[in-house]
Amino acid sequence: MKTIVRAFTLFLVTFFVFGNVYGQKYEANWQSLKQVSTPQWLQEGKFGIYTHWGPYAVHAYGSNTTWYSFSLYQDAKGEAREHFEKTFGELSKDYGYKDLIPLFTADKFNADEWAELFAKSGAKFAGPVAEHHDGFAMWDTEYSEWNAVKMGPKRDVVGELEKAIKKRDMKFVTAFHHAANWFFFPVHDKQYDTGDPKNSGLYGQYHMPGEMRNQEFINEWYDKIIEVIDNYGPDFIWFDFALDALPEGYIKDFLAYYYNWADKNGKEVVVTYKDHDIIPGAGVRDLELGQEPNVTYNDWITDSSVDDRGAWGWANDLTFKTPNRLIDNLIDRVSKNGYLLLNVGPKPDGTIPEGAKEVLSEMGAWLETNGEAIYKTTPWFIAGEGPTKVGDIQNQGFNESGAVYTQEDIRFTVNGDNLYATFLDWPGDKALIASIRATGLEAKNAVIPDWAKGEEVKSLVGTEWFIKGEDDEDDNEDDDVEASHYMFKEDGELFIKGGEAGDGIDVDYVQIGKEVIMSYEGVFTWSGTYDGNQFKVSDDISGNYPGFYKEEIKRITMLGSDEELEWAFTGVGLIIKTPKKQGKYAHSFKIERYHHPKLD
0 MKTIVRAFTL FLVTFFVFGN VYGQKYEANW QSLKQVSTPQ WLQEGKFGIY
50 THWGPYAVHA YGSNTTWYSF SLYQDAKGEA REHFEKTFGE LSKDYGYKDL
100 IPLFTADKFN ADEWAELFAK SGAKFAGPVA EHHDGFAMWD TEYSEWNAVK
150 MGPKRDVVGE LEKAIKKRDM KFVTAFHHAA NWFFFPVHDK QYDTGDPKNS
200 GLYGQYHMPG EMRNQEFINE WYDKIIEVID NYGPDFIWFD FALDALPEGY
250 IKDFLAYYYN WADKNGKEVV VTYKDHDIIP GAGVRDLELG QEPNVTYNDW
300 ITDSSVDDRG AWGWANDLTF KTPNRLIDNL IDRVSKNGYL LLNVGPKPDG
350 TIPEGAKEVL SEMGAWLETN GEAIYKTTPW FIAGEGPTKV GDIQNQGFNE
400 SGAVYTQEDI RFTVNGDNLY ATFLDWPGDK ALIASIRATG LEAKNAVIPD
450 WAKGEEVKSL VGTEWFIKGE DDEDDNEDDD VEASHYMFKE DGELFIKGGE
500 AGDGIDVDYV QIGKEVIMSY EGVFTWSGTY DGNQFKVSDD ISGNYPGFYK
550 EEIKRITMLG SDEELEWAFT GVGLIIKTPK KQGKYAHSFK IERYHHPKLD
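Here the sequence shown stands for residues 0 to 599, where the numbers follow numbering that gives the first Met the number 0.
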């Protein structure tokens with residue numbers, strides 16, 4: 000029967016996809032598939048939640064609980080083996096990971112409670128890991144007896160969550176890791192239960208280490224995904240790594256099937272992938288525990304987790320990221336053309352850990368007030384400014400910053416003519432946006448109200464300083480590098496000679512309190528600080544966006560308050576007089592702008 004069903008499925012794929020009959024929009028080639036667009040709901044929704052939940056929740060142990068079963072068999076002297084045999088019993092040809100399945104009870108699992116929590120957290124899309132590397136399917140699949148309907152919970156987890164999530168107007172996510180099942184267990188080793196053919200539906204078909212995936216494995220990988228599409232209608236299919244280990248044609252077949260299915264049913268769908276497992280344009284790239292350092296031309300997504308070590312699944316000693324960190328990282332991603340898919344790892348009984356509930360609740364409360372700066376926005380010309388940087392991404396990500404952002408760290412988003420500047424920490428009684436500032440004569444002639452002048456500091460006029468670049472200061476082998484000689488004059492004039500300035504250049508500067516902005520011919524701009532005793536040059540803030548005019552500004556408010564705020568457009572930046580502090584986390588300022596400013 001299974002053979003007949005599969006033959007019929009392949010016939011349909013051939014007929015509808017390859018044949019391109021009845022006006023099918025997508026063909027199984029990259030030229031056609033890259034014409035797909037990122038769904039509007041994803042571009043607007045930005046934030047979603049998914050769950051790592053399966054038999055791996057039972058052992059509740061390990062730095063990454065979802066890889067526990069891999070380590071269990073691969074490392075006879077490792078922590079996973081020691082923990083398993085101490086907690087559950089000796090690993091043998093009869094007893095192993097599969098015997099955790101009866102303990103995966105889900106007796107307190109309530110899909111509506113999960114979905115309600117996700118919706119109140121501000122998520123716009125959500126869903127489960129449908130199958131992880133361990134081969135246990137969380138839906139009623141005809142392609143394996145090893146599934147949550149026939150074993151363990153004896154419930155259709157994917158089906159229950161589909162109904163609950165869609166009922167709350169969220170888009171439905173299904174995540175697949177099963178392309179990596181091929182190497183996950185030692186199916187060739189007869190000393191373990193993984194080598195018993197009757198367990199191959201879970202552990203995988205017999206093969207020797209290093210062998211390429213066989214036809215049976217590839218067929219099952221493909222058929223399971225098509226089955227989920229047909230039976231549960233996901234809006235979002237997320238893939239872990241290892242697609243690049245499958246024949247390319249099957250990836251293209253799947254994509255064509257899914258995109259044509261969506262087109263036929265009037266749905267917008269998205270597929271995400273790791274590394275370069277799908278060509279650019281045919282899906283959205285995912286960065287695991289990662290974030291881009293700057294605005295990108297192509298949109299992207301990151302999968303991260305509420306736990307603070309990348310455990311993904313439930314562990315007894317789990318601790319959680321702070322709401323402040325999760326919120327800051329969401330803001331950072333959105334400002335750079337990214338989206339966030341945040342993971343939660345429930346317990347084996349189906350309850351979501353209290354620590355996860357708490358941080359999700361805090362995220363929801365923040366988004367309730369500040370969601371206008373996130374949802375339905377796009378990146379601006381500049382992602383942000385401030386001293387806190389993230390490292391370069393690896394092939395699959397893994398550069399998520401755990402840094403604590405400062406009051407100088409700002410991220411920009413835009414919706415229509417409204418610009419949002421979100422400060423990742425409370426800026427104090429004044430909010431300075433250095434990327435938006437007056438230049439040239441406007442900076443020199445700017446009238447600065449008393450409240451914006453800041454701390455009284457001696458003027459730089461008449462002072463001289465010898466400044467070495469940061470690279471020079473760290474170069475112990477080249478102490479003879481010539482320093483630049485800064486000579487501050489009246490009327491905002493600065494003469495610099497030596498170093499990169501050579502025989503000398505004339506520079507404009509503006510000083511307001513401790514802040515100093517210097518500009519050469521209105522093109523090259525850098526900053527410094529002066530506390531009355533020491534002048535320092537810094538590169539912590541971004542360059543000026545020259546196309547911003549003060550005449551654009553119609554009104555400035557802080558989200559959560561309708562109070563119109565005072566502001567000053569100065570040579571060191573746009574300075575906003577802040578209202579009373581509201582909330583514990585990031586603070587978003589809304590700059591309403593005229594579409595066409597009235598210029599003299």
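Ideal Cβ positions, reconstructed from N, Cα and C, are used throughout, including at glycine.
Q: Report yes if the CB atom of residue 228 is closer than 8 Å to the CB atom of residue 257, and no otherwise.
A: A contact, by the Cβ cut-off of 8 Å.
Q.
Given this structure, state the Cα-to-Cα distance separating residue 592 from residue 25, to the nearest angstrom.
A. 41 Å
Q. For the candidate residues 385, 555, 402, 98, whose alpha-carbon lies nearest to that of residue 416?
A. 555
Q: Mind checking who residue 420 pairs with in its DSSP beta bridge?
A: Under DSSP, residue 420 shares a beta bridge with 411, 588.
Q | Local Cβ density within 10 Å of residue 296, reported as buried at 16 or more and exposed below that | A | exposed
**Q.** Close Cβ partners of residue 447 (< 6 Å) along its chain, the five nearest in sequence each way excluded
**A.** 567, 569
Q.
Considering only the alpha carbon of each residue, which of 454, 411, 420 lies closest to residue 428?
A. 454
**Q.** Continuous alpha helix (DSSP H) assignments of at least 4 residues falling wholly in the stretch 162–233
**A.** 180–183, 199–202, 214–231
Q) Within 10 angstroms of its Cβ, does residue 462 collect 16 or more other Cβ (buried), or is it exposed? A) exposed
Q: For residue 141, name the three-state secondary structure that DSSP assigns.
A: coil
(Q) Tell me whether the stretch 299–317 and the stretch 51–70 touch, counting them as touching only if at least three CB pairs, one residue from each stretch, are closer than 8 Å. (A) yes
Q. What are the residues that DSSP puts in a beta bridge with residue 485?
A. Among the bridge pairs identified by DSSP, residue 485 is matched with 464, 495.
Q) Along the chain, which unbroken stretches of the alpha helix (DSSP H) at least 4 residues long are found entirely within the stretch 430–454? A) Counting only runs of 4 or more, we get 439–444.
Q: Grab me the residues of residue 645's own chain with a C-beta within less than 6 Å of its C-beta, minus the 5 sequence neighbours each way, in chain order.
A: Shown here, the chain extends from 0 to 599; a query on residue 645 therefore has no answer.
Q. Residues in its own chain within less than 6 Å of residue 576 by CB, not counting five upstream and five downstream?
A. 450, 564, 565
(Q) Checking the sheet assignment: what are the DSSP bridge partners for residue 262? (A) Paired residues: none, contrary to the question.
**Q.** Top-ranked residue by Cα proximity to residue 465, from 456, 458, 452, 482
**A.** 482
Q: Go ahead and label residue 522 buried or exposed: buried means 16 or more other beta carbons lie within 10 angstroms of its beta carbon, across all protein chains shown.
A: Residue 522 should be labelled exposed.
**Q.** Every unbroken alpha helix (DSSP H) inside the stretch 265–350 [4 residues or more]
**A.** Fully enclosed alpha helix (DSSP H) runs of 4 or longer: 322–334.
**Q.** Opposing strand residues paired with residue 80 [DSSP bridges]
**A.** According to DSSP, residue 80 bridges with nothing at all.
Q. For residue 510, which three-state DSSP category applies?
A. strand
(Q) Contact between the stretch 109–129 and the stretch 349–359 is defined here as three or more beta-carbon pairs at a separation below 8 Å; is this criterion met? (A) yes
Q. Between residue 324 and residue 426, what straight-line distance do the alpha-carbon atoms span, to the nearest angstrom?
A. 17 Å
**Q.** Between the CA atoms of residue 587 and residue 376 - distance to the nearest angstrom
**A.** The straight-line gap from Cα to Cα measures roughly 13 Å.
Q: Would you kindly work out how many angstroms separate the C-alpha atoms of residue 584 and residue 123, rounded to a whole number?
A: 21 Å
(Q) Just to check my reading of the structure: residue 379 and residue 418 have Cβ atoms closer than 8 Å, yes? What is that Cβ distance to the nearest angstrom? (A) 6 Å
Q.
By DSSP's criteria, residue 526 is part of a beta bridge. Which residues make up the other side?
A. 516, 537
**Q.** 8 Å Cβ cutoff met for residue 300 and residue 338
**A.** In this structure, residue 338 lies closer than 8 Å to residue 300 by Cβ.
Q. Going by DSSP, what residues sit across from residue 127 in a beta bridge?
A. Residue 127 pairs with 50.
**Q.** Spatial distance of residue 486 from residue 495 (CA atoms)
**A.** 6 Å
Q. Does the count of Cβ pairs from the stretch 27–35 and the stretch 80–90 closer than 8 Å reach three?
A. Result no; under three Cβ-Cβ pairs closer than 8 Å.
Q) Under three-state DSSP, which class holds residue 255? A) helix
Q) How big is the Cα-Cα spacing for residue 271 and residue 52? A) 20 Å
Q: Starting from the C-beta of residue 460, find all residues in its chain whose C-beta is less than 8 Å away, skip the five residues before and the five after it, and write them out in chain order.
A: Exclusion of the five residues before and after residue 460 leaves 487, 488, 489 as the residues of its chain whose Cβ lies within less than 8 Å of its Cβ.
**Q.** Sequence-distant residues of the same chain with beta carbon closer than 7 Å to residue 597, five excluded per side
**A.** 550
Q | Simplified DSSP state of residue 573, which is helix, strand or coil | A | strand
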